[in-house]
Amino acid sequence: MAVSDHVDFNGFMEGVNRRNPHQPEFVQAVQEVAEDIFPFLDSNEEYHSQQILRRIAEPDRVVSFRVCWEDDNGNIRVQRGWRVQNNNAIGPYKGGIRFHPSVTESVLKFLAFEQTFKNALTGLPMGGGKGGSNFNPKGKSVREIMRFCQSFMTELYRHIGADVDVPAGDIGVGGREIGYMFGQYKRITNQFTGVLTGKGLEYGGSLIRPEATGYGAVYFLANMLATKDQDLVGKTAVISGSGNVATHAAEKIVQLGGKVLTLSDSGGFIHDPDGLSQEKIDWVKTHKTHRRGRIEEYVEAFPGATFTAGKTPWGVPCDVALPCATQNELLGEDAKTLIANGVQAVSEGANMPTDLDGVHAFRGAKILFAPGKAANAGGVAVSGLEMSQNSERRSWKEEELQQMLKDIMAGIHKSCETYGRQGDGYIDYVKGANIGGFKKVADAMLAFGVV
Ligand code: NDP
Ligand code: 2IT
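The number in my numbering is simply the position in the sequence shown, starting from 1, with 228 added.
Right, dumping it as structure tokens:
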């Protein structure tokens with residue numbers, strides 16, 4: 229028997245650390261999963277002996293490339309681009325593209341690893357991938373964004389395809405950027421295929437894709453509350469971020485009768501004690517997303533609100549919390565504050581927004597806590613439905629898609645319940661999501677033998 233067959237958890241994590249130096253986000257994501265998978269392996273020896281977790285924690289490939297573009301002043305700019313193809317055991321690689329100066333190989337590897345479990349949980353045939361660049365879209369002209377997207381796709385196109393790898397949006401990449409990238413893909417390959425999701429409705433996009441992640445995170449939250457015979461009516465919500473996921477999460481909370489108190493961006497958070505109405509959320513969408521403004525300007529438009537610079541919103545007392553900005557934005561101390569203030573449920577709209585200390589604090593206090601790989605899967609799920617529509621050359625109606633999204637989120641909740649319910653009745657959603665996602669990918673990998 230090979231020495232590696234029976235490494236313990238600490239030995240496994242030492243290996244992950246050693247093989248991935250200077251990649252803290254990736255190591256963190258693997259650790260969070262391994263903490264649940266190791267006890268599960270005790271009673272599932274075949275996954276262990278076949279080294280399934282070890283294999284999933286080694287991306288199938290990481291492509292890194294130079295992206296050159298010319299700014300409006302004629303300067304030559306050089307960025308780095310990546311596509312991480314983590315695992316395609318159950319379908320083509322699938323996952324977003326992120327443009328943000330904080331993007332590193334570690335960040336994209338963690339995101340591609342998480343995506344593998346998330347996509348499995350949706351029940352749709354999608355593997356896990358993620359890509360992006362350290363390009364900073366802030367302050368760039370529309371033409372600069374276009375030239376960057378075209379240059380990025382000029383390399384990326386050779387690694388993707390409708391049955392190979394299907395990217396979509398993420399931080400800094402929305403409908404506009406997908407349009408520029410799709411246009412360049414089509415121009416280079418002369419093929420009109422469903423190679424990207426999050427497309428415009430005119431050229432193969434799906435209804436409700438922009439809304440799906442935020443709406444899905446709130447549907448998941450409603451499913452969690454229902455296990456305690458509760459709903460969102462009258463509940464106060466603290467939300468971070470003010471981009472695609474945050475604004476649509478806010479919208480759905482309001483539709484379901486809740487009261488949204490905060491939004492944020494990298495500059496700080498706004499607190500509106502009157503709650504955000506649909507009109508205020510529309511203002512944020514227009515101002516932040518379309519005009520690329522800052523959240524602090526909210527207090528000029530709505531003087532009842534306050535802006536706190538340089539801080540996250542977790543100190544504002546609330547019933548439910550939805551971190552919807554970025555990774556590691558809710559730390560152990562923040563989790564303790566939320567718990568002390570009586571938070572009942574947390575639904576992660578972002579990917580890995582809660583650090584390991586925070587996750588341990590929520591689980592320890594038996595708070596309803598939905599990890600991103602379960603709670604924010606609605607976005608990639610509707611991406612999967614966009615792929616189906618493209619393959620069939622049809623488009624479903626909005627009501628049909630809304631129902632499918634709700635059903636998929638309920639299905640993910642059920643998986644978490646199946647694999648995460650504890651002896652005392654508490655549903656450990658982290659454990660449930662990790663094991664539920666792992667099992668599907670692992671069973672497919674077993675079928676393929678040693679590859
Ligand atoms: P957007 O680019 O639309 O919005 C991102 C928001 O997060 C902005 O308010 C931004 O503020 C804030 N933010 C980004 N980076 C930081 C940072 N380092 N510190 C503080 N605030 C930050 O992205 P999305 O809404 O699409 O994505 C948000 C999260 O949701 C990410 O974790 C993403 O991976 C995840 N997600 C997205 C999905 C999607 O369909 N779009 C699907 C599933 C998960 P600022 O304007 O100041 O940069
Ligand atoms: O993190 C995510 O799930 C996304 N950014 C969406 C991925 C997708 O392919 O729609």
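Backbone N, C-alpha and C define an ideal beta-carbon position, used for all residues, glycine too.
Quick caveat: nothing in here was measured; it's all calculated off a predicted structure.
Contact between A661 and A602 is confirmed by a C-beta separation of about 4 angstroms, below the 8 angstroms threshold. Excluding five sequence positions before and after P252, the CB atoms of its chain that fall closer than 7 angstroms to its own CB belong to S334, given in chain order.
In this structure, DSSP gives E524 a helical state, which the three-state scheme calls helix.
Assignment of beta-bridge partners to A563 by DSSP yields no partner.
Ranked by Cα distance from D585, the first of F237, Q256, Q412 and A396 is Q256. P395 sits in a strand when the DSSP states are folded into three classes. Distance between D635 and K642, taken at the CA atoms: about 10 angstroms. Relative to the ligand 2IT, the nearest heavy atom lies less than 6 angstroms away from the CB of V608. Shown here, K539 sits in coil according to DSSP, grouped into three states, outside any helix or strand. In the three-state scheme derived from DSSP, where H, G and I count as helix and E and B as strand, W511 is classed as helix. In this structure the region 469 to 476 touches the region 427 to 442; the number of beta carbon pairs closer than 8 angstroms is three or more. Between the region 409 to 419 and the region 445 to 465 there are fewer than three inter-stretch CB-CB distances shorter than 8 angstroms, so the stretches are not counted as touching. Counting along the chain, the unbroken alpha helix (DSSP H) around H641 starts and ends at E626 to G648. Less than 7 angstroms separates the beta-carbon of G397 from that of G324. Using a Cβ distance threshold of 7 angstroms, L435 and E626 count as a contacting pair. The ligand 2IT never approaches K564 closely enough for any of its heavy atoms to be under 6 angstroms from the residue's Cβ.
The alpha-carbon separation between P365 and W297 amounts to approximately 13 angstroms. V544 is a Cβ neighbour of V466, given a cutoff of 7 angstroms. Note that the region 638 to 657 does not touch the region 419 to 430; fewer than 3 beta-carbon pairs, one per stretch, sit closer than 8 angstroms. Setting aside the 5 residues that flank it on each side, P329 is surrounded in the same chain by N362 and N364, each with a C-beta closer than 7 angstroms to its C-beta; the list follows chain order. Here L336 is buried: its Cβ has 16 or more other Cβ atoms, across all protein chains shown, within 10 Å. When the alpha-carbon of Q343 is set against those of M409, P599, A529 and Y408, the nearest one is in P599. G433 has its CB no nearer than 6 angstroms to any heavy atom of the ligand NDP. When the alpha-carbon of G469 is set against those of E561, G319, P581 and N569, the nearest one is in P581. Between the beta-carbon of V401 and that of F345 there is about 22 angstroms, and that puts the pair past the 8 angstroms contact cut. Between the beta-carbon of G570 and that of E524 there is about 28 angstroms, and that puts the pair past the 8 angstroms contact cut. Short of 7 angstroms from the beta carbon of I481, and not among the five residues preceding or following it, lie these beta carbons of its own chain, in chain order: V446, L460, A465 and V488. One Cα belongs to P249, the other to Q259, and the distance between them is close to 14 angstroms. Beta-carbon to beta-carbon, G356 and Y408 are separated by about 25 angstroms, too far to satisfy the 8 angstroms threshold.
For N314, the uninterrupted beta strand (DSSP E) run begins and ends at I304 to N315, by DSSP.
Here DSSP, grouped into helix, strand and coil, assigns R519 to coil. In the three-state DSSP reduction, L453 falls in the helix class (H, G or I). T534 sits in a strand when the DSSP states are folded into three classes. If you ignore the 5 residues before and after S379, its C-beta comes within less than 8 angstroms of the C-beta of V295, C296 and W297, all in its own chain and listed in chain order. Under the three-state reduction of DSSP output, D288 falls in the coil class, being neither helix nor strand.
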